[in-house]
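In UniProt numbering, the protein residues as written are 1 to 473.
Cβ coordinates follow ideal geometry from the N, Cα and C atoms, glycine included.
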Amino acid sequence: MAIERQVTEGEEAVSPFAQLFSLPGLDVFNIVTFGFKTEGNPSTIVEGLKNTLINHPRFSSILVTGHGEHKGKAKWTPTKVKVEEHVIVPDIDLINKNPDEFLEDYISRVAFSPMDMSRPLWEFHLLKLKTSHAEYVIVARFHHSLGDGMSLMSLLLACTRKTCDPEALPTFVAPKKRKAKNVCFSLFAWLWFIVIIMFHTCVEVIKSMVFIFGVRDISAHIIAMPGATLSTNKFIHQIISLNDVKTVKNAMNMTVNDVLLGMVQAGLSQYLNQRFDHETISKSRKIRGVVFFNLRPNKNIEDLANMMAKGSKCRWGNSIGYVLFPLETKSYDDVFEYVRQSKTIMDRKKHSLEPLFSNGLLKLTLKVFGFKGLRTLVRKLFGSTKMTFSNVVGPAEEISFFGHQISYIAANTIGIPQGLVICIQSYVDKLIINIGVDVDVIPDPHHLCDLIIEALHKMKSAAPQKIFHASEV
1 MAIERQVTEG
11 EEAVSPFAQL
21 FSLPGLDVFN
31 IVTFGFKTEG
41 NPSTIVEGLK
51 NTLINHPRFS
61 SILVTGHGEH
71 KGKAKWTPTK
81 VKVEEHVIVP
91 DIDLINKNPD
101 EFLEDYISRV
111 AFSPMDMSRP
121 LWEFHLLKLK
131 TSHAEYVIVA
141 RFHHSLGDGM
151 SLMSLLLACT
161 RKTCDPEALP
171 TFVAPKKRKA
181 KNVCFSLFAW
191 LWFIVIIMFH
201 TCVEVIKSMV
211 FIFGVRDISA
221 HIIAMPGATL
231 STNKFIHQII
241 SLNDVKTVKN
251 AMNMTVNDVL
261 LGMVQAGLSQ
271 YLNQRFDHET
281 ISKSRKIRGV
291 VFFNLRPNKN
301 IEDLANMMAK
311 GSKCRWGNSI
321 GYVLFPLETK
331 SYDDVFEYVR
341 QSKTIMDRKK
351 HSLEPLFSNG
361 LLKLTLKVFG
371 FKGLRTLVRK
381 LFGSTKMTFS
391 NVVGPAEEIS
401 FFGHQISYIA
411 ANTIGIPQGL
421 VICIQSYVDK
431 LIINIGVDVD
441 VIPDPHHLCD
451 LIIEALHKMK
461 SAAPQKIFHA
471 SEV
């Protein structure tokens, strides 16, 4: 009944970002891997999807891209969905193969297998596979035109329930409430905040524009040969303790995101210094990465659950911006220096409107120059940067997916023309580091991941000393 209602409601326009992610040669997908603590039941999962996910308009519509014979007519066309066609249960042969390696290879194959554009752009692969961290695995693939990573993750979590309370939706860590301040002081602080925002916006936007359009890249060795077409083609993930990160965070009085960016920079710097000589690294000191920002207030997971259950309205789509982040290639004896630099830089980015500007720049380019201009801008952006980074906050309590208790959640983005894409996802007391690489650029992603984790261990070992010295002061 829900699908029939959507068909009668008619077609919807496609947002500019959905059109961007469906450009020929720039198909972008989100891959989400769920590990479960118990073996899965395919029929239960199919029935669960019928009662939830396909009630969302985007998951029961066909994307007409507006290219080719449909030029200028990009739209979402409602259709009837047969869920069984979107759920794949492959036969698994593990002869002489490690289950973890099999999963990595399977995800890589799924990532680049063609997706049928004549039906809704999503699929679930149910793997009867016991790995190091799970008894059963689901690999879900979604075309990025369906929504940005935060939207899709929120929608998937709206299909889950707490393990301790099967009727309750997941909960997330609530932001800390600010203490009430004197009115005069608050007014002064607000005015000063506006000044800081305007100053950092001007500085960061100018630096971003100069870098994208004026700086000649001199670090091509990190992304293979100049002019090469990059694409992630190998995906791995590792699980670490969130409490270890919080130990470092508390010792340095910073945020979890500051520590994560510091870890990544420390590991990447170590990796580059091991692979290349000092002279080569010195020539590539000014390299940049892209950090994505969610521009939409965090979705109310109850609203999404109601959308799927009752057909209610909820704002949807791609609403993301980006900032350019300088990547440190210098090797420091003090591993905390990477975290300090990450905090300094990200504080400037957070106190600027650079993410909003970047979002507006893409929209303006599309409106003025069309898809050809937008494609050129996107290629220029990712051609001038070396890494994409994102961090997604997950549930604070254990949850189940249609009755299957989840062990971990790993997410990443596929199709971005970058040699290195890192996405970090939290789940209860775990952090899942998901790395996508072009193996021609980074042939040993496991080693890079090990170096990132090693950087965290070094920070954790030194953290008690940082707390001790701070208390003395």
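Checklist entry - Looking only at its own chain, which residues have a Cβ that is under 7 Å from the Cβ of aspartate 100, when we skip the five neighbours before and after it? => result Thr131, Ser132
Item to check | 7 Å Cβ cutoff met for glycine 35 and leucine 126 | outcome: no
Next on the checklist: Three or more C-beta pairs under 8 Å: does that hold for the stretch 337-349 against the stretch 361-380?
Outcome noted: no
Item to check | Candidates Leu157, Val46, Phe389, of which the one nearest leucine 327 by Cα | outcome: Phe389
Next on the checklist: Checking 7 Å against the spacing of the C-beta atoms, do threonine 163 and glutamine 405 come in under that value?
Outcome noted: yes
Checklist entry - Expressed to the nearest angstrom, what Euclidean distance is found between the alpha-carbon atoms of valine 368 and phenylalanine 276? => result 42 Å
Item to check | Which of helix, strand or coil DSSP assigns to alanine 411 | outcome: strand
Checklist entry - Which parts of the stretch 123-168 are runs of the beta strand (DSSP E), unbroken and 3 residues or longer, counting only runs that do not cross its ends? => result 136-143, 160-162
Next on the checklist: Which same chain residues end up closer than 6 Å to tyrosine 332 when comparing Cβ atoms and leaving out the 5 residues on each side of it in sequence?
Outcome noted: none
Item to check | Distance between beta carbons of valine 87 and proline 42, contact taken as under 8 Å | outcome: 7 Å
Item to check | As assigned by DSSP and simplified to three states, the class of proline 114 | outcome: coil
Item to check | Selection from Ile414, Leu53, Ser407, Leu20 that minimises the alpha carbon distance to isoleucine 239 | outcome: Ser407
Item to check | Selection from Val421, Ile409, Pro445 that minimises the alpha carbon distance to alanine 140 | outcome: Ile409
Checklist entry - In chain order, what residues of the same chain have a beta carbon less than 7 Å from the beta carbon of lysine 249, not counting five sequence neighbours either side? => result Thr255, Val256, Val259
Next on the checklist: Just verifying my parser: in three-state terms, what is the DSSP assignment at glutamine 19?
Outcome noted: helix
Checklist entry - Going by C-alpha distance, which of Ala134, Ser151, Val64 is nearest aspartate 116? => result Val64
Checklist entry - What are the start and end residues of the beta strand (DSSP E) that includes valine 81? => result Careful: valine 81 lies outside any beta strand (DSSP E) and carries neither H nor E.
Checklist entry - Relative to the alpha-carbon of valine 393, which residue among Ser426, Thr385, Phe371 has its alpha-carbon at the smallest distance? => result Ser426
Next on the checklist: Runs of 3 residues minimum, wholly inside the UniProt domain "O-acyltransferase WSD1 C-terminal" (316-460): which ones carry the beta strand (DSSP E) assignment?
Outcome noted: 320-327, 387-392, 399-401, 404-414, 420-427, 430-437
Next on the checklist: Please classify arginine 288 as buried or exposed, where buried requires at least 16 other C-beta atoms within 10 Å of its C-beta.
Outcome noted: buried
Next on the checklist: Does lysine 50 come out as helix, strand or coil in the three-state DSSP assignment?
Outcome noted: helix
Item to check | Cβ separation of asparagine 391 and alanine 411, assumed to be a contact under 8 Å, to the nearest whole Å | outcome: About 10 Å; that fails the 8 Å criterion.
Next on the checklist: Along the chain, where does the beta strand (DSSP E) containing valine 291 start, and where does it finish?
Outcome noted: 287-294
Checklist entry - How many Å lie between leucine 121 and lysine 458 at the Cα? => result 43 Å
Item to check | Bounding residues of the beta strand (DSSP E) (the contiguous stretch that carries lysine 234) | outcome: 234-241
Checklist entry - Under a three-way DSSP split, which group does valine 89 fall into? => result coil
Item to check | Cα-Cα separation between aspartate 244 and glycine 370, rounded to whole angstroms | outcome: 47 Å
Checklist entry - Is threonine 44 helix, strand or coil by DSSP? => result helix
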